[in-house]
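Working notes, structure below.
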Amino acid sequence: MAEDKNIYSEITPELEKLSNLCRNSDYIEPELYTKFAVKRGLRDLNGKGVLTGLTHVSDIVATKEVNGESVPADGQLFYRGYNVEDLIKGCVSDDHFGYEEVTYLLLFGNLPNSEELENFNKSLYFYRSLPTSFVRDIIMKAPSRDMMNTLSRSVLTLYSYDDNPDDTSLPNVLRQCMSLISLFPLLAIYGYQAYNHYHEGNSLFIHPPRTDLSTAEHILYLLRPDSQYTKLEARLLDICLILHMEHGGGNNSTFTTHLLSSSMTDTYSVMAAAIGSLKGPRHGGANIKVMRMFDDMEKNLKNWEDEDEICDYLEKLLNGEAFDKAGLIYGVGHAVYSKSDPRARVFKKFVEQMAHEKGFDKEYALYDKVSRLAPLVIAKRRKMYKGVSVNVDFYSGFVYKMLGLPMELYTPLFAMARIVGWSAHRIEELANNGKIIRPAYKSVGPHLHYKALDERM
10 MAEDKNIYSE ITPELEKLSN LCRNSDYIEP ELYTKFAVKR GLRDLNGKGV
60 LTGLTHVSDI VATKEVNGES VPADGQLFYR GYNVEDLIKG CVSDDHFGYE
110 EVTYLLLFGN LPNSEELENF NKSLYFYRSL PTSFVRDIIM KAPSRDMMNT
160 LSRSVLTLYS YDDNPDDTSL PNVLRQCMSL ISLFPLLAIY GYQAYNHYHE
210 GNSLFIHPPR TDLSTAEHIL YLLRPDSQYT KLEARLLDIC LILHMEHGGG
260 NNSTFTTHLL SSSMTDTYSV MAAAIGSLKG PRHGGANIKV MRMFDDMEKN
310 LKNWEDEDEI CDYLEKLLNG EAFDKAGLIY GVGHAVYSKS DPRARVFKKF
360 VEQMAHEKGF DKEYALYDKV SRLAPLVIAK RRKMYKGVSV NVDFYSGFVY
410 KMLGLPMELY TPLFAMARIV GWSAHRIEEL ANNGKIIRPA YKSVGPHLHY
460 KALDERM
C-alpha cells in the first residue's frame, strides 16, 4: 500500500501537466455558444428546455397564459394526467400506501381497481428475491463507500443472472423493470449494511426480504436493526417515494434512460447509466447539500428566531462567504418551477406533522423561515426572469434525518423511487421504436496538417 502511494506521488506532477494540456486544448470561448445559437445544457437563455421528445408519462406545468403571454404560476405535476397532489390525497384519505398504486399508473397508464392492484402487488413482491449467494458473493465483497456505486455495480451484475438479458421485447423489458423496482431497496440497503459493518465497524444486519409489506414499510424493515417503525414514518416515506418517482422526460437521468434505450441496449446497462446520472450533486445528490448547509447554518446562527440574522446568513451564502463558498442557497430554485414546486408544497404539511411527533419543532421552524426568506433575499440580489421558491430537495433530507436514515442512503432512496419513472420511459421509448438519439455538436477547432514525429517541437 505504501509502495502504491509512492507511485501515485511520482505520477501526480505528470498528471497535472497533462490535465493542463486537456484544459487548454478543450477550452471553448463562451461567446461561440451565442454565435452559433447553441443551447447550453439544452436550455435557452430564458431557462426553457429545448424540446427533444414527446411523452405520455408525466407533465410539469409551471406557467399559465395571461393575455396571450406565458407568465409564472404555481407549479403542478401530473402523472399520466393525474395531479400528483390528488393521488397523494387519495392514498391518505383511503388509508393505504400509494407507491405500488402509482407504479401501476406510471407503467400501464391507468389507475388500477382493487383486484388489479392486488394482483400487481403480488407480482411486484414476487421479485423481492436476489439470486442465491448474491449478497455474499457480490454485495459483501469489496463493499463501496458510495451506495450509488454499489447499486450500479449490483444492477450490472444482475445481467449475468438473467437468462434473457438482451431481449428488448416489451414483455421481457417489463419483467426486468418490475424485478429491478422490487430489488432496488434490497441492493441499496444491503450495500449500506455491508459498508456500515466493514468500513465503520458496526454490527451487520441483513434482514431477509418479506412479501407482506408495502415498499415504504419494507425499506424501514430492512434498514433498522429492530425492523420497527410507526405508521406515520412509513406513510411519510411512502409519500416521499411517490413525489420522487417521476418528473418528466427531460431531467438528466430520465433523458439518459431515453438516450440509452434508443440504442436498443439492455435494461441493466440503461438503469446503471441512469443511476450514474442521478448520483451527481446537481441532480439526486442535492438534498445532501441542503442538509449540510443547514448543519452549518444551525452552528453559526446565534438566534434561530431572528429573521434579520437568518437573512444575513443567506446573504453570506450568496456572496460565497458561508458554507461551501459556492454562492448558492441549496434547495431554493428550480430549472422548471417558478412560483412553487408542487412536490415541496405537498410535502410541507406532512413534514410539519412528523417534526411535531419527533420533537423537531425548532428545526422545522427554521426551515419554514428560510423557505420564506430565501426567495426574497435572492430576488433582491439577482434579476429573476421567473419566480423562485424552495424545491422538494429542501425538505427531503430533513425528512430522512427525522426518520433516522443514514446520509449514505439519501440519494439511493431517490433512485428507489425514480426507477419507476425510468422504467416507464424506457418502455415508452421502446414501444415507439424511435430512432437512435443523436444530437449534433459543431466543431470549432481548426483543421491541421500532419507532422512527422521528428518534426514536432
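The numbering of the sequence shown is our numbering, which starts it at 10 and goes up by one.
By construction, the Cβ of each residue, glycine as well, lies at the ideal position given by its N, Cα and C atoms.
All values reported here derive from a predicted model rather than from experimental measurement.
ask   = Going along the chain, which unbroken runs of the alpha helix (DSSP H) with 4 or more residues stay wholly within the region 260–316?
value = 261–270, 276–287 and 295–309
key: Residue environment, N260, which counts as buried when at least 16 other CB atoms sit within 10 Å   = buried
inquiry  = So, at 7 Å on beta carbons, what are the nonlocal neighbours of V453 in its own chain, with the 5 sequence-adjacent residues on each side left out?
reply    = I37 and L41
ask   = Between the region 221–230 and the region 191–202, do three or more beta carbon pairs fall short of 8 Å?
value = yes
inquiry  = Please state whether the Cβ-Cβ distance between M157 and P421 is less than 8 Å.
reply    = yes
inquiry  = So if DSSP puts Q85 in a beta bridge, which residue, or which two residues, is it bridged to?
reply    = V70
request  = Please name the residue in L179, T177 and Q185 whose C-alpha comes closest to that of Y170.
outcome  = Q185
request  = May I ask you to report which of helix, strand or coil DSSP gives N130?
outcome  = helix
query = Among residues of its own chain, excluding the 5 on either side of L326, which ones have a beta-carbon nearer than 8 Å to its beta-carbon?
reply = M302, F332, G336, L337 and I338
request  = Give me the Cα-Cα distance between S161 and T263, rounded to the nearest whole angstrom.
outcome  = 16 Å
message = Can you find the residues in the same chain that come closer than 7 Å, C-beta to C-beta, to N296, ignoring five residues on each side of it along the sequence?
response = D402, S405, G406 and Y419
key: Start and end residues, alpha helix (DSSP H) containing H206   = L179 to Y207
ask   = In the DSSP assignment, what residue or residues form a beta bridge with N76?
value = According to DSSP, which records beta bridges pairwise, N76 is partnered with nothing at all.
ask   = Would V75 be called buried (16 or more neighbouring beta carbons within 10 Å of its own) or exposed?
value = exposed
inquiry  = Once DSSP output is grouped into helix, strand and coil, what is the label at G58?
reply    = strand
message = Tell me the DSSP secondary structure of P22 in three-state form.
response = helix
ask   = Can you find a heavy atom of the ligand SAM that lies under 7 Å from the Cβ of F87?
value = No copy of the ligand SAM appears in this structure; indeed no ligand is present at all.
request  = Rounded to whole angstroms, what's the CA-CA distance from A374 to D172? Just pull it up for me.
outcome  = 53 Å
task = Taking all protein chains shown into account, decide if A461 is buried (16 or more other Cβ within 10 angstroms of its Cβ) or exposed.
result = exposed
task = Decide if D275 is buried, meaning its Cβ has at least 16 other Cβ atoms within 10 Å, or exposed.
result = buried
query = At what residue ranges does the region 360–428 contain a whole run of the alpha helix (DSSP H), taking only runs of 4 or more?
reply = 370–390 and 401–411
message = Within a Cβ cutoff of 6 Å, which residues of the same chain sit near A197, ignoring the five residues on either side of it in sequence?
response = M156, L160 and P421
query = Can you list, in chain order, the residues of its chain whose CB lies under 7 Å from that of V299, leaving out five sequence neighbours each side?
reply = Y339, G340, D402, F403 and G406
request  = Can you tell me the Cβ-Cβ gap for H434 and H267, rounded? I've got them flagged as a contact below 8 Å.
outcome  = 6 Å
task = Please check the pair A71 and S347, which I expect to be a contact at CB under 8 Å, by giving their CB distance rounded to whole angstroms.
result = 5 Å
inquiry  = On a Cα-Cα basis, can you pick out the residue from S380, Y201 and G258 that is closest to S349?
reply    = S380
query = Which value, in whole angstroms, describes the spacing of the CA atoms of K451 and R89?
reply = 37 Å
key: Distance, R32 Cα to P22 Cα   = 15 Å
task = Tell me whether the beta-carbon of L96 lies closer than 8 Å to the beta-carbon of V111.
result = yes
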